[in-house]
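A short write-up of the structure that comes next.
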Amino acid sequence: MPTTARVAVLPQEKGPLSIVEAVLPDPRPHEVVVRQFSSGVCHSQLHQIHNPRNSPVVLGHESTGVVIAKGSQVSHVKEGDSVMVTWVPRNKADNPQPTQPATLKLPDGTVAVSQNVFTWADKTIADEQYVVRIPDDAVKDVTSVIACAVITGAGAVLYTAGVKKGQSVAVFGAGGVGLCAIAAAKVMEADPIIAVDLDDGKLEFARRFGATATVNASKEDAVKAIRAMTERTGMLDTLRRPMSGVDFAFDCIGHKVTMEQILRAARAGVLGHMSGGTAVLVGVPQTRVDLNALDIMINEKKFIGTNGGSCQPDRDFPIFLDWHKSGKLDLNALVTQRYTLDQINEAVSALEAGSIQGRAILEF
Ligand SMILES: [Zn+2]
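Take any residue in the sequence shown, note its place counting from 1, add 70, and you have its number in my numbering.
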């Protein structure tokens with residue numbers, strides 16, 4: 071039976087998103103149709119909005135919902151099950167090759183494409199690799215941000231970097247992803263946890279998630295401030311300067327300046343004793359960057375990237391749902407704005423203007 075969905079569509083030509091009614095195709099053998107409760111509004115979608123397109127585009131890649139139909143080969147969920155839709159394959163061992171990215175035939179005859187899923191819609195269809203089973207009693211509004219913001223920020227700390235108790239952390243960019251990185255650093259008992267942003271309000275908010283110190287980079291040199299906070303008495307670096315800097319510096323923004331700052335903020339190594347700190351690129355880079363190769367080599371620093379926080383949704387979504395339940399990661403606080411699907415352009419404008427303190431969601 072055909073399923074009609076209300077979907078936000080970005081036109082091929084410049085212009086705002088529009089809400090259209092479209093008929094979802096019947097699921098192919100490995101596809102699942104989901105009626106959605108909530109979707110996150112993610113910063114990375116702005117890149118798609120601003121890049122030239124060859125066709126209309128459907129957006130969104132984190133949501134919660136319930137299965138309303140499934141293809142013949144789908145066995146990990148059934149109709150009525152609670153699920154999350156995400157952009158990271160849930161379990162590569164199980165059906166490793168997702169089918170083609172979801173496309174949607176629009177009422178005007180054109181076909182809209184997505185990166186691999188779309189969740190700015192009251193119903194969606196996706197390959198089973200992007201549909202993750204969650205407990206039926208799981209909260210379904212604020213938890214939609216687990217499927218991108220949380221895995222990206224918290225996963226970067228837990229898995230990509232592997233932060234341990236007592237290690238020092240700086241997080242550049244205290245938005246939705248940065249706050250999740252800060253919360254995970256707190257769970258791992260990192261110390262100090264330094265939040266860096268240009269906005270005093272966001273920095274104050276970051277303390278609520280576990281930041282123990284803050285730096286407003288519009289008022290002072292962020293790297294200098296971090297070094298002043300992290301000087302280790304009696305230790306000299308390779309160049310025989312007092313040791314300072316953090317074990318891990320995360321860039322949740324991806325600007326040229328912040329990508330350079332995280333490498334400089336990472337502490338140097340001590341020759342013959344310990345290797346240097348690690349700069350972790352979390353935000354989607356907006357540009358190429360010049361890194362100081364001598365700093366990397368002589369101080370044994372590492373510059374690494376993370377995509378989706380090295381998370382595996384089947385394994386990690388239940389963990390983060392549990393963090394929310396137990397208060398380790400307060401998603402009710404993280405979600406600071408709620409919109410309806412019809413307010414999608416308002417949500418995108420607010421994101422663009424930087425006026426969303428935590429994360430915004432759409433509720434259907
Ligand atoms: Zn995202």
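Beta carbons are placed, not taken as given, at the ideal position from N, Cα and C, and that holds for glycine.
All figures in this text were calculated on a predicted structure; none of them were measured in a lab.
- For Ile264, there is no enclosing alpha helix (DSSP H); the residue is found in the beta strand (DSSP E) stretching over Ile263 to Asp267.
- Relative to the Cα of Met367, the nearest Cα in the group Val316, Ser345, Val350 and Glu416 belongs to Ser345.
- Looking at the DSSP output, Ala92 bridges to Ala75.
- In the structure shown, Gln199 adopts helical secondary structure according to DSSP, grouped into three states.
- Taken atom to atom, the span from the alpha-carbon of Gly353 to that of Gly428 is near 15 Å.
- Within the model, the alpha-carbon separation for Ala319 versus Glu330 is close to 11 Å.
- In the three-state reduction of the DSSP assignment, Asp392 falls in the helix class.
- Shown here for Val128: same chain residues with a beta carbon closer than 8 Å to its own, the five before and five after excluded, namely Val77, Ala78, Val79, Leu80, Ala172, Leu174, Ala182, Val183, Ser184, Phe188, Trp190 and Ala191 in chain order.
- Leu351 has Asp321 and Gly375 as its beta-bridge partners, per DSSP.
- The distance from the Cβ of Ala224 to that of Ala251 is about 7 Å, consistent with a contact at the 8 Å cut-off.
- Inside the stretch 278-316, DSSP marks whole alpha helix (DSSP H) runs of 4 or more residues at positions 292-299, from first to last along the chain.
- Taking C-beta atoms as the reference points, Val405 and Val136 fail to come closer than 9 Å.
- Membership of Arg334 in the alpha helix (DSSP H) is indicated by the continuous run Lys326 to Ala335.
- Between ligand 1 and Glu301, a heavy atom-to-CB distance of less than 8 Å is absent.
- Residue state for Ser380 is assigned as helix, using DSSP reduced to three classes.
- A residue is called buried when at least 16 other Cβ atoms come within 10 angstroms of its Cβ; Pro159 meets this threshold and is buried.
- Residue side-chain check: Trp157 places its Cβ nearer than 8 Å to a non-hydrogen atom of ligand 1.
- The three-state secondary structure of Ala139, taken from DSSP, is strand.
- Relative to ligand 1, Gln115 has its C-beta within less than 8 Å of a heavy atom.
- Val340 and Asn286 have their alpha carbons spaced roughly 29 Å apart.
- Relative to the non-hydrogen atoms of ligand 1, the Cβ of Glu422 never comes closer than 8 Å to any of them.
- The continuous stretches of alpha helix (DSSP H) do not include Ala226, and DSSP gives it neither H nor E.
- In the pairwise beta carbon analysis, the stretch 203-221 is classified as touching the stretch 377-386: at least three pairs are separated by under 8 Å.
- Per the DSSP secondary-structure output, Gln407 pairs in a beta bridge with Ala430.
- Note that the C-beta distance between Gly130 and Val111 is below 9 Å.
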